[in-house]
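Protein chains: 2
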Amino acid sequence: MGEQHREISVAEFFEKNRHLLGFNNPQKAIITCVKEAVDNSLDACEQERILPEIHVSIDDAGGDNLRFQIKDNAVGIDRDVIPNIFGKLLYGSKFHKLQQSRGQQGIGISASGLYAQLTTGNPVKIYSKKKGQEDTNMFKVRIDTQNNEPEIIEDRVVDDYDFQHGTSIEMEIEGRYTTGHHSVRNYLKHTAIMNPYSRIVLNEPDGNTIEFPRVSQTLPPIPKEIKPHPHGVELGVLMRMLKNSSSRTVSSFLQSEFTRVGRTSADKIVEKAGLSGKERPLSLEKSDIEDLLEAMQNTSLQNPPTNCLSPIGEDLMEEGLRKELNPDFVASVTRKPSVYRGNPYQIEAAIAYGGDIDEDGRYEALRFANKVPLLYKRSSCATTEAIKQTDWSRYGLSQSGNIPKGPVVILVHMASVWVPFTSEGKEAIAQYPEIIKEMKLAVQKVGRKMKRYLSKKRKEKVLKKKRKKLSAYGTAMAPALEKLTNVEEDIIRKELMETLKKEYGKEAGINGGDS
Amino acid sequence: MGEQHREISVAEFFEKNRHLLGFNNPQKAIITCVKEAVDNSLDACEQERILPEIHVSIDDAGGDNLRFQIKDNAVGIDRDVIPNIFGKLLYGSKFHKLQQSRGQQGIGISASGLYAQLTTGNPVKIYSKKKGQEDTNMFKVRIDTQNNEPEIIEDRVVDDYDFQHGTSIEMEIEGRYTTGHHSVRNYLKHTAIMNPYSRIVLNEPDGNTIEFPRVSQTLPPIPKEIKPHPHGVELGVLMRMLKNSSSRTVSSFLQSEFTRVGRTSADKIVEKAGLSGKERPLSLEKSDIEDLLEAMQNTSLQNPPTNCLSPIGEDLMEEGLRKELNPDFVASVTRKPSVYRGNPYQIEAAIAYGGDIDEDGRYEALRFANKVPLLYKRSSCATTEAIKQTDWSRYGLSQSGNIPKGPVVILVHMASVWVPFTSEGKEAIAQYPEIIKEMKLAVQKVGRKMKRYLSKKRKEKVLKKKRKKLSAYGTAMAPALEKLTNVEEDIIRKELMETLKKEYGKEAGINGGDS
Numbered sequence: 143m144g145e146q147h148r149e150i151s152v153a154e155f156f157e158k159n160r161h162l163l164g165f166n167n168p169q170k171a172i173i174t175c176v177k178e179a180v181d182n183s184l185d186a187c188e189q190e191r192i193l194p195e196i197h198v199s200i201d202d203a204g205g206d207n208l209r210f211q212i213k214d215n216a217v218g219i220d221r222d223v224i225p226n227i228f229g230k231l232l233y234g235s236k237f238h239k240l241q242q243s244r245g246q247q248g249i250g251i252s253a254s255g256l257y258a259q260l261t262t263g264n265p266v267k268i269y270s271k272k273k274g275q276e277d278t279n280m281f282k283v284r285i286d287t288q289n290n291e292p293e294i295i296e297d298r299v300v301d302d303y304d305f306q307h308g309t310s311i312e313m314e315i316e317g318r319y320t321t322g323h324h325s326v327r328n329y330l331k332h333t334a335i336m337n338p339y340s341r342i343v344l345n346e347p348d349g350n351t352i353e354f355p356r357v358s359q360t361l362p363p364i365p366k367e368i369k370p371h372p373h374g375v376e377l378g379v380l381m382r383m384l385k386n387s388s389s390r391t392v393s394s395f396l397q398s399e400f401t402r403v404g405r406t407s408a409d410k411i412v413e414k415a416g417l418s419g420k421e422r423p424l425s426l427e428k429s430d431i432e433d434l435l436e437a438m439q440n441t442s443l444q445n446p447p448t449n450c451l452s453p454i455g456e457d458l459m460e461e462g463l464r465k466e467l468n469p470d471f472v473a474s475v476t477r478k479p480s481v482y483r484g485n486p487y488q489i490e491a492a493i494a495y496g497g498d499i500d501e502d503g504r505y506e507a508l509r510f511a512n513k514v515p516l517l518y519k520r521s522s523c524a525t526t527e528a529i530k531q532t533d534w535s536r537y538g539l540s541q542s543g544n545i546p547k548g549p550v551v552i553l554v555h556m557a558s559v560w561v562p563f564t565s566e567g568k569e570a571i572a573q574y575p576e577i578i579k580e581m582k583l584a585v586q587k588v589g590r591k592m593k594r595y596l597s598k599k600r601k602e603k604v605l606k607k608k609r610k611k612l613s614a615y616g617t618a619m620a621p622a623l624e625k626l627t628n629v630e631e632d633i634i635r636k637e638l639m640e641t642l643k644k645e646y647g648k649e650a651g652i653n654g655g656d657s
Numbered sequence: 143m144g145e146q147h148r149e150i151s152v153a154e155f156f157e158k159n160r161h162l163l164g165f166n167n168p169q170k171a172i173i174t175c176v177k178e179a180v181d182n183s184l185d186a187c188e189q190e191r192i193l194p195e196i197h198v199s200i201d202d203a204g205g206d207n208l209r210f211q212i213k214d215n216a217v218g219i220d221r222d223v224i225p226n227i228f229g230k231l232l233y234g235s236k237f238h239k240l241q242q243s244r245g246q247q248g249i250g251i252s253a254s255g256l257y258a259q260l261t262t263g264n265p266v267k268i269y270s271k272k273k274g275q276e277d278t279n280m281f282k283v284r285i286d287t288q289n290n291e292p293e294i295i296e297d298r299v300v301d302d303y304d305f306q307h308g309t310s311i312e313m314e315i316e317g318r319y320t321t322g323h324h325s326v327r328n329y330l331k332h333t334a335i336m337n338p339y340s341r342i343v344l345n346e347p348d349g350n351t352i353e354f355p356r357v358s359q360t361l362p363p364i365p366k367e368i369k370p371h372p373h374g375v376e377l378g379v380l381m382r383m384l385k386n387s388s389s390r391t392v393s394s395f396l397q398s399e400f401t402r403v404g405r406t407s408a409d410k411i412v413e414k415a416g417l418s419g420k421e422r423p424l425s426l427e428k429s430d431i432e433d434l435l436e437a438m439q440n441t442s443l444q445n446p447p448t449n450c451l452s453p454i455g456e457d458l459m460e461e462g463l464r465k466e467l468n469p470d471f472v473a474s475v476t477r478k479p480s481v482y483r484g485n486p487y488q489i490e491a492a493i494a495y496g497g498d499i500d501e502d503g504r505y506e507a508l509r510f511a512n513k514v515p516l517l518y519k520r521s522s523c524a525t526t527e528a529i530k531q532t533d534w535s536r537y538g539l540s541q542s543g544n545i546p547k548g549p550v551v552i553l554v555h556m557a558s559v560w561v562p563f564t565s566e567g568k569e570a571i572a573q574y575p576e577i578i579k580e581m582k583l584a585v586q587k588v589g590r591k592m593k594r595y596l597s598k599k600r601k602e603k604v605l606k607k608k609r610k611k612l613s614a615y616g617t618a619m620a621p622a623l624e625k626l627t628n629v630e631e632d633i634i635r636k637e638l639m640e641t642l643k644k645e646y647g648k649e650a651g652i653n654g655g656d657s
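Here the protein sequences line up with chains W and Z, keeping their order.
End of the first sequence sits at 657 in our numbering; the numbers just go up one at a time, nothing left out.
End of the second sequence sits at 657 in our numbering; the numbers just go up one at a time, nothing left out.
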């Protein structure tokens, strides 16, 4: 048996399991590729305080293939890391950081390259020009899947590339360009709603150009990188942190490696753990570490800082929905930050009703994780679960089963230093109960606002009907009353109108106004 | 930016994403651990033609922790691969082979170890005794997650371990032992249905012992390992195969590296590709390779051989269902093998109705992939989709929405050299349209059999009612007829009974028999 055993490279693994990365079929493949590249561009721009400007061009490349190019105005990529970024899976700068970003796993863009070479045999072509430098680096990179290492096909410096600074990626893949819900266009539209400080231009294969203009000139603040919170760490991780620590004492280890642990909290924790705090981190026995962990988890500490999060905010959410959907009513909420497994996160929700929104059938969901639209796996997503667990009839909507119906769009956004996706393809948010609960509170909040709007609307409708009735009644009664009272018909009509006005607030007239 | 970039080990990746491996929560964690170990044991026994005998023991280990041991009677594991098997993710003997087996990714059991050390800090303990050897090797292994390499904590030879031969694994994890649908007990019960040649004993934490006895003494034939089929290969893979080939010519490359390609087919393919066949594999240009691939895909070839598949078979499926469910009616079907993306696969289905099966509510599904029960992610599974796309009212069941209702259990099994799971946790089968179609044909076949049974049952019921009515009628009429005809009442009654018998087949008597 022994001789048959061998290591499996992570690239081989995902080549065979490419559906896990979002490459299930040609239609989804092109969306996934665009998504991974756009996510990286937006992350890079925000990090460097540049208002993003992204051009996406997609062309037919013959047969079942598409060629695409994605070009940004970020600060470019260091020459020495380019091959690894595009030619090695599980490589990147975001995985080991606790900071909100669109990418987090170091798989996305290299997986696109893997899919490209699998289906068309072609390498990825990268142009990148660092800000302040003259030269543009051009690479053609493949992945040596058996070793998960980049294979550099070409590497040269060009001086005629049309760039101020930034990165441009070109690939050829087996893909199918479609419109509709599952489409590049829809993905970019949703991206524009959530990233209103970006300008995105899409050239479609048929020559059509769509621009999603910048509607805000303000970049959100850079989310801060944070350290782990003592309440969210697991035993195995704590053991590794102690082993790798360069701190001289357990007390200084706690203060330097965790957030929200100062001198006083560190003292409390070590005391609870039956330690002095002066022990060297490496000297702790397993039972000491277990005690330490228990003490960490049972010492009350401030919640993690939330400047590591970058929600979109109520105003921008509403502005985005108004711009794209032209609804009659919009409401939004940004909840306070919360924590799951030690990871800070924040839920936002918005609701749009009426106007240009389609009347027929079920609601439309706009799902986002760290500002990235989620188009697939709706039924496995925590957002969907939160919406389904909400009784929408209480908020004035009709329901079929537990699905709200009507001209309504419900937006849910999770911002976090670590979004728990249900697969490497990052298509749906895993159903942690605490996350679903936060999402429910958010959608219920906007639901209540919508209810007020709908009740008011309904009341106005009833009122209008009543007014119309009374006004008709008055018209018929006035001549009869004239005879009875000898008061002139016109005066009676005027009196009746005044009464109606008092009763029903608005301008109301017999036979007049708003019938 | 550059200095922050680094490689991410696959162990780090899955430590942070442990929900992808089936370690979402303590209840699921213990099921996943048992599943991975039992899968390996069954694979090893079958491969070595040993009737499996597996003992699973689970104990409380204080706090939220469980300790478990799983011991098999397979042939043991080579000493030099033990550390890698348990201490390195993506390592194994099954990934690179096209052969039906329960494990396929080289992640399962090492992932359990990863979860164990993350939650309890403890290493995995392994005892393994090779068949025909005296000594038992004992290892304690941890995973160095930053490098995805095993760390050997202890390594010694013991001579007092209670073994003929086989492997025993011990771990301590954060886990919660439950009963019900999502439970170790249910997982083993379903395993017993699908692997009736195994004996499995479960010791539960409360001291309870459950035995799933062996009901068949016949091991299924070993599924053969096959080579890839030319119709299922992708360009990138073909390029790599050509690059790594030791064949001297393209023609011999085709014949030696693929299944169903003999001399004649190879000639046809190279001719279609505009090649002579005498080219050296490494010498082909990319355009040649594209032509070659197109020719491979457009040359009609025999389907892949199917001795790489090991279905359970109709008799054993029915026997398993009868034993565990005691139903009134069982039907089953093993479909002919089919192919998706070049991978041979085979669908089996069975249906059980009535008897001890619960009347209330929706049907129960028994889902299997390569004989392994799938307990989670039902709604994302191809099996569920196939059942939902079937109109069960045509087969005599009532439906709520598209969900069949009644005292009915529907079993679907996919056997394949490569089951496309929706996640590394191997919990659901991805919804490839061709696979769903095969599954539908299978469940519809057993549906039709059930329909015949249910119609017959319904007819018998109607008949019974009629007979009862006529018999009562006869009883009342006989005295009147006696007066009219002067024939004795007893004779009239007897005549009537004879008539009923002729009309309605069965023993029928006036006032008699089966009222």
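Note that the Cβ used here is the ideal one computed from N, Cα and C, for glycine as well.
Close Cβ partners of residue i (< 8 Å) along its chain, the five nearest in sequence each way excluded
i	result
I571 of chain Z	R509, A511, L516, C523, A524, T525, M556, V561, P562, F563, T564, I577
P363 of chain Z	N449, S452
C-beta atoms of residue i and residue j nearer than 7 Å
i	j	result
K273 of chain W	V326 of chain W	no
L256 of chain Z	E566 of chain Z	no
I212 of chain Z	A179 of chain Z	yes
N182 of chain W	R221 of chain W	no
K369 of chain Z	F395 of chain Z	no
Residue i to residue j span [Cα, whole Å]
i	j	result
A622 of chain W	K644 of chain W	23 Å
K177 of chain Z	S393 of chain W	41 Å
T617 of chain Z	E490 of chain Z	53 Å
V300 of chain Z	H307 of chain Z	13 Å
I294 of chain W	D286 of chain W	10 Å
T262 of chain W	Q241 of chain Z	27 Å
Cut-off 6 Å between Cβ atoms - residues of its own chain near residue i, not counting five sequence neighbours on either side
i	result
H197 of chain Z	K213, V343
H323 of chain W	none
I652 of chain Z	In this prediction, I652 of chain Z scores a pLDDT of 43, lower than 50, which makes its location untrustworthy; no coordinate-derived value is stated.
V387 of chain Z	Note that residue 387 of chain Z is Ser in the sequence shown, not Val. F395, P423, listed in sequence order.
Q169 of chain W	R318, T320
I545 of chain Z	R504
Expected contact under 8 Å - CB spacing of residue i and residue j to nearest Å
i	j	result
G245 of chain W	K236 of chain W	5 Å
G378 of chain Z	R483 of chain Z	Wrong, their Cβ atoms sit about 14 Å apart, outside the cutoff.
CB contact below 7 Å: residue i versus chain B
i	result
K428 of chain Z	Considering every chain present, this structure includes no chain B. Its protein chains are W and Z.
Residue burial classification, residue i (beta-carbon count within 10 angstroms, cutoff 16)
i	result
P355 of chain W	exposed
V321 of chain W	Looking at the sequence provided, one finds Thr at residue 321 of chain W rather than Val. Under this definition T321 of chain W is an exposed residue.
I219 of chain Z	buried
V604 of chain Z	exposed
K611 of chain W	exposed
P372 of chain W	buried
Q275 of chain W	exposed
S521 of chain Z	exposed
Same chain, Cβ closer than 7 Å to residue i, five either side skipped, listed in chain order
i	result
K591 of chain W	A473
V87 of chain Z	This structure gives no information on residue 87 of chain Z, because the portion of chain Z shown stretches from 143 to 657.
S151 of chain Z	T287, Q288, N289, N290
heavy atom of the ligand GTP below 6 Å from residue i C-beta
i	result
C187 of chain W	Absence of the ligand GTP from the depicted structure is noted, as is the absence of any ligand whatsoever, leaving it without description.
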